[in-house]
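Peer 1: In case it helps, numbering that gives the first Met the number 0 puts the sequence shown at residues 0 to 98.
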Amino acid sequence: MIEPLIKRFNAKSLKHLVIIFVIFGISGTCTLIITEPIINLLKMNEIFQNSLILIFLRVIIIIPLYQIILLSIGYIFGEFNYFYNFEKKIYKKFLKKIK
0 MIEPLIKRFN AKSLKHLVII FVIFGISGTC TLIITEPIIN LLKMNEIFQN
50 SLILIFLRVI IIIPLYQIIL LSIGYIFGEF NYFYNFEKKI YKKFLKKIK
């Protein structure tokens, strides 16, 4: 049950897999916590008031912010290279689908 996850995430061990999941969890939580003040600072809630445009703008803010936070938290845990390579792999797949 655990072995496929270790293989899928290219983890060195169960401990490494747990660290990877913790980093993903912390990064996602931090991104959501930080996004709301950015939305308020830019006064997007006042301008767009619960519209689809506001949701789209949130996603546009969240995606790059998440990437930065993921690399930062990965660096703190000593896993910067792992997450840098992970992001490169994701972007390559994304760019292939666009073409």
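A virtual CB, placed ideally from N, CA and C, is assigned to each residue, including glycine.
#1: Flag this pair as touching only if the segment 42-53 and the segment 6-13 have three or more C-beta atom pairs under 8 Å; answer yes or no.
#2: Quick check: the Cα distance between E78 and Q66, rounded to an integer number of angstroms?
#3: Is L99 near Y90, with beta carbons less than 8 Å apart?
#4: Using only the alpha-carbon positions, how far apart do P3 and F20 sit?
#5: State the CB to CB distance for the pair I72 and I22, rounded to an integer number of angstroms; the pair is presumed to be in contact (CB under 8 Å).
#6: Could you check what DSSP says for S26 in three-state terms: helix, strand or coil?
#7: For L40, which of R57, I25, G27 and G24 has the nearest alpha-carbon?
#8: Over the uninterrupted alpha helix (DSSP H) stretch that includes E2, give me the two end residues.
#9: From the DSSP output, in three-state form, read off F55 for me.
Peer 2: Checking against the coordinates, here is how it stands:
#1: no
#2: Locating residue 78 in the sequence shown gives position 79, where the first residue counts as 1. Locating residue 66 in the sequence shown gives position 67, where the first residue counts as 1. Rounded to whole angstroms, E78 to Q66 spans 14 Å at the Cα level.
#3: An answer regarding residue 99 cannot be provided, because it is not within the stretch 0 to 98 covered by the chain.
#4: To locate residue 3, count along the sequence shown from 1; it is residue 4. To locate residue 20, count along the sequence shown from 1; it is residue 21. The straight-line gap from Cα to Cα measures roughly 14 Å.
#5: Translated into the one-based positions of the sequence shown, residue 72 becomes position 73. Translated into the one-based positions of the sequence shown, residue 22 becomes position 23. So it is a contact: roughly 5 Å between Cβ atoms.
#6: Start at 1 with the first residue of the sequence shown, and residue 26 comes out as number 27. If DSSP states are grouped into helix, strand and coil, S26 belongs with the helices.
#7: Here residue 40 is taken as the residue at index 41 of the sequence shown, counted from 1. The shortest Cα separation from L40 among R57, I25, G27 and G24 belongs to R57.
#8: Position 3 of the sequence shown, counted from the first residue, corresponds to residue 2. Here the alpha helix (DSSP H) through E2 covers I1 to R7.
#9: To locate residue 55, count along the sequence shown from 1; it is residue 56. Helix, per DSSP.
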